[in-house]
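There are 2 protein chains.
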Amino acid sequence: MSTRETIIQLGDQLIRSKGFNAFSFYDISEKMKIKNASVHYHFPTKTDLGISILEAHRQKLHSLIESTSTKGPVDKLNSFLLIYTTIKSEGHVCLVGSLATDLNTVDLKIANELKTFADEILNWVTTILDEGKTSGVFSFQCSPRTKALMVITNMLAALQLSRLTNEEDFYTIRNEVIKGLKD
Amino acid sequence: MSTRETIIQLGDQLIRSKGFNAFSFYDISEKMKIKNASVHYHFPTKTDLGISILEAHRQKLHSLIESTSTKGPVDKLNSFLLIYTTIKSEGHVCLVGSLATDLNTVDLKIANELKTFADEILNWVTTILDEGKTSGVFSFQCSPRTKALMVITNMLAALQLSRLTNEEDFYTIRNEVIKGLKD
DNA sequence: GTCTATATTCCGATAGAC
DNA sequence: GTCTATCGGAATATAGAC
Chain E
1 MSTRETIIQL
11 GDQLIRSKGF
21 NAFSFYDISE
31 KMKIKNASVH
41 YHFPTKTDLG
51 ISILEAHRQK
61 LHSLIESTST
71 KGPVDKLNSF
81 LLIYTTIKSE
91 GHVCLVGSLA
101 TDLNTVDLKI
111 ANELKTFADE
121 ILNWVTTILD
131 EGKTSGVFSF
141 QCSPRTKALM
151 VITNMLAALQ
161 LSRLTNEEDF
171 YTIRNEVIKG
181 LKD
Chain Z
1001 MSTRETIIQL
1011 GDQLIRSKGF
1021 NAFSFYDISE
1031 KMKIKNASVH
1041 YHFPTKTDLG
1051 ISILEAHRQK
1061 LHSLIESTST
1071 KGPVDKLNSF
1081 LLIYTTIKSE
1091 GHVCLVGSLA
1101 TDLNTVDLKI
1111 ANELKTFADE
1121 ILNWVTTILD
1131 EGKTSGVFSF
1141 QCSPRTKALM
1151 VITNMLAALQ
1161 LSRLTNEEDF
1171 YTIRNEVIKG
1181 LKD
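Each protein sequence line maps, in turn, to chains E and Z. Residue numbers for the first sequence follow the numbering used here, so the first one is 1 and each next one is one higher. Residue numbers for the second sequence follow the numbering used here, so the first one is 1001 and each next one is one higher.
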């Protein structure tokens, strides 16, 4: 992996473990055994790094949407839920949740990129649920978009709340989300 | 209101608008037209202030639980949901969500106080849903505690996600939470 | 591309006068 | 209880050598 990619990866982990305002370029340089100034060579400002981290997440999402495009709604939803299970196994929170709580402190460019990312996630899940409802593998009363909002908020906050109440609560919520698609 | 109470109130708003690591004692002193050092007189460390803010929230919760104790489950649930609607009207996120994403950066005392607060919220909502299920005004398949986890995660993340997708999505989620208690 | 060195700003915290 | 003044540390960022 290139230096640039490593910085993005470490920055991503730091945002999701400590928050955007709590991590520093030194945190990254220290782990890579390079100097602070070297990180600035690749990303002049912290905002530049934030944007690149968001772009990497969007790219990864686009790849996942593409690679699961021929599968059924159940498989697609499992792919979506697996994102959160992976994050939980790392003990972190998701990028959207972490940056959403810091929204008023980040550069407008980051805020806008984050909004685009959130919209893309919402649109994907809405499409999955719509397909599933049409084909009959999912059953719910409200609109696919509203159900997508419910599913996403359950998973996003499951990562945050289960840090406080009980780690197992994440899986309790995850299982109930799945059950909630068959009523 | 006393100086101490004003500091707590402003600190609370700052945590929920900018996050714990992004606000400073100067932010508070500036708005109160006093000096940085005066804030430190009331709260020697930032951790001390964080603890007091959490204690104030717990106290407020206890008062709400007490004052609604004679009401029915529907009224109690509306009181719970009103907390989030009020926060939304201010454009902020909730204290639990804000501090949960910063959990790895705060003093252990704050983390423990936050966990207690989250447990108290979960226990209250669980009790409300249990009462409602027993009396028949609420209907759901899973356990009251699991349903409480679903409701809380929906509301907590609705504040965060609706900042990004659409402000109206908060109310969409809120209404769907209510509908979800009558299936 | 990475380094040393440094400029600049900001923050948490404290000492001591009033 | 609030003030002035300041210390010490940390973080973002840049200049210029290698």
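The C-beta atom is built at its ideal place from N, Cα and C for all residues, glycine as well. All values reported here derive from a predicted model rather than from experimental measurement.
In chain order, L10 place their CB closer than 8 Å to the CB of K31 (chain E), counting only its own chain and leaving out the 5 sequence neighbours on each side.
Here the alpha carbons of K182 (chain E) and S139 (chain E) stand approximately 5 Å from one another.
A Cβ of chain Z is located within less than 7 Å of the beta carbon of N104 (chain E). When CB distances to chain Z are screened at a threshold of 8 Å, the residues of the region 68-97 of chain E falling below it are V93, V96, G97, in chain order. For S63 (chain E), the secondary structure class from DSSP, reduced to helix, strand or coil, is helix. For K1109 (chain Z), no CB of chain E lies under 7 Å from its own CB, so it is not counted at the interface with that chain.
For S17 (chain E), the chain Z residues whose Cβ falls inside 7 Å of its Cβ are N1104, in order along the chain.
Contact check for D1107 (chain Z) and F1020 (chain Z): beta-carbon distance about 10 Å, past the 8 Å limit, so the pair fails to qualify.
Excluding its 5 nearest sequence neighbours in each direction, V1137 (chain Z) has C-beta neighbours in its own chain below 8 Å: G1072, P1073, V1074, listed in chain order. According to DSSP, residue pairing for K1182 (chain Z) in a beta bridge involves Z:S1139. With contacts defined by Cβ atoms closer than 7 Å, L1077 (chain Z) and I1121 (chain Z) do not form a contacting pair. Considering only E:K109, E:P144, E:A158, the residue with the shortest C-alpha distance to M1150 (chain Z) is E:A158. Within the region 1009-1093 of chain Z, the complete alpha helix (DSSP H) segments of 4 residues or longer fall at 1025-1032, 1036-1042, 1046-1067, 1073-1090, listed in chain order. By the 16-neighbour rule on beta-carbons within 10 angstroms, S1017 (chain Z) is buried.
In this structure, the alpha-carbon of G180 (chain E) lies about 26 Å from that of E90 (chain E). Distance from the CA atom of N1112 (chain Z) to the CA atom of K133 (chain E), rounded to whole angstroms, is 42 Å. The beta carbon of D1169 (chain Z) is closer than 8 Å to those of A1158, L1161, S1162 in its chain, skipping five residues each way along the sequence. Of all residues in the region 137-170 of chain E, only C142, T146, L149, M150, I152, T153, N154, L156, A157, A158, Q160, L161, R163, L164, T165, D169 come within less than 7 Å of chain Z when Cβ atoms are compared, listed by chain position. Chain E has no Cβ within less than 7 Å of the Cβ of T1047 (chain Z). Distances from the alpha-carbon of D1048 (chain Z) to those of Z:D1130, Z:T1070, Z:I1008, Z:T1068 put Z:I1008 closest. Counting along the chain, the unbroken alpha helix (DSSP H) around N154 (chain E) starts and ends at 144-161. Take the alpha-carbon of E1055 (chain Z) and the one of S38 (chain E): they are about 44 Å apart.
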